[in-house]
Structure formats: C-alpha cells, structure tokens
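Under our numbering, the first residue of the sequence shown carries the number 3, and numbering increases by one thereafter.
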Amino acid sequence: MKILVTPHKFLRITAKPVLVYDKKLEKQISEIITTLKSAKDPEGVGLAATQVGINRRLFIVTLSDKPEIFINPEIVSQSEAMLAQIHPKKKDRWLEGCLSIPGLWGFVDRPYSIKIKYLTPEKGQLVTCEREFLDTESAYIQHENDHLNGVLFTDLILKQGGQIFKDTPDGLIPINKI
C-alpha cells in the first residue's frame, strides 16, 4: 500500500462511513497497519484510510506498542482549554508532521482533551467504545480524524496564523508558502 502525498486530491475527500465489517475491511485494516509500521524517516504515529486511497472512515493510531483501530470515529466533546494554554512555553510544545506531507512540520493549537466515540474490531465483530484522550494523544487522534474530513494539519496552521517549517539537512527552517 502506498501513502498518498499532497497535492493528491484523494486527501481532500470526506470519507464514507464503514457500514459492514467483513473480510475485505479486515484485510484493508491489516494493510494499513503494515504500511504504518513500515513508515520510516519519519516514523508514523497514525494513518487514516484516506491516506492510502481507501474511502472509509477509519484510522489507526499507535499510542503504545499496539496499533489501535478507530472506525467511524466521532468527537463527542472537547475541552475549552487549548494546547497552547496548557503548554504556554514554545519549548514545551511539539511539532506535528504528516506522512502525506513529507518534510513539513508545525504546531497546531488543538483542544487539550477530547472524548471520542468509535467502533473497533473485537473477536470478529465491531464494538462501540468511548474514550477520553489528553495532550499529545488527543492531538494524534484529532490529526487522524481530520484526514477523514479532508483537512490537513497545514490547513489548520495557516488558519491559526502559525508557522510551517521545512525539514532540511541544516535543520528546520521557517517557510511562508507550501
């Protein structure tokens, strides 16, 4: 499976909900996980189905050692507190990157915490889960969920008036245009 990169038009679609959990979907999930695990320089934390050309509302995020599967995710609540409020010093913030936008990085000010409702496979069927995520984990989940709506992290940086950085052999340099 190949990871699509900008400006590929498929990255801008709003993904369709998963209606059936079958062998085809199981295979696609397995392939997405394999693709995510094989991503190097940089390593990926998450990968949405739309990033590999699959029009389904699902993404994988590796928060510990085990990939977690989020199907038909819906953010049901979010904190008023934003990451920049919790981490006011720029040195305490981290830069987001994306496997579909190689070499670009930037800080996205997102809600500090979210509660998300989603389906995940368990013993051959889908079960409903609801979980709260904080801080970096919250940002990872929001980033991948954005992909399902055709939104890229660079869109948010530009909307927020933030700075995008380009990875170069000499380190990160600020850029004005993408």
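Cβ coordinates follow ideal geometry from the N, Cα and C atoms, glycine included.
Hey, quick one: how far does the beta strand (DSSP E) through residue i stretch, first residue to last?
i	result
K168	166-170
L174	173-177
P75	69-80
Where does the unbroken alpha helix (DSSP H) through residue i begin, and where does it stop?
i	result
Q144	137-149
T109	It is worth fixing the name first, because residue 109 is Phe in this sequence and not Thr. Run containing F109: none; DSSP gives neither H nor E here.
I88	85-88
I159	155-161
Express the C-alpha separation of residue j and residue i in angstroms, rounding to a whole number.
i	j	result
L38	E45	8 Å
L21	A41	29 Å
I62	D137	18 Å
G105	T36	22 Å
D43	K4	15 Å
L2	K29	There is simply no residue 2 to check, as the chain begins at 3 and stops at 180 in what is shown.
T52	D172	32 Å
F72	E146	10 Å
I177	P9	18 Å
E33	Q127	18 Å
K179	Q165	10 Å
Y23	T130	13 Å
L160	A86	16 Å
K68	P90	31 Å
K25	F135	30 Å
K11	D157	15 Å
F109	K92	9 Å
Considering only their Cβ atoms, is the gap separating residue j from residue i smaller than 7 Å?
i	j	result
F167	W107	yes
E139	K119	no
L6	S102	yes
L121	N74	yes
V78	K125	no
Original post:
Per the contact definition of three or more C-beta pairs closer than 8 Å, is the segment 72-90 in contact with the segment 103-115?
Top reply: yes
**OP:** Tell me, please, whether the segment 56-65 touches the segment 91-110 by the rule of three or more beta-carbon pairs shorter than 8 Å.
**Re:** no
Original post:
Per the contact definition of three or more C-beta pairs closer than 8 Å, is the segment 137-156 in contact with the segment 8-21?
Top reply: yes
**OP:** Scan the segment 10-59 and note each continuous alpha helix (DSSP H) run of 4 residues or more that stays entirely inside, going in chain order.
**Re:** 25-40
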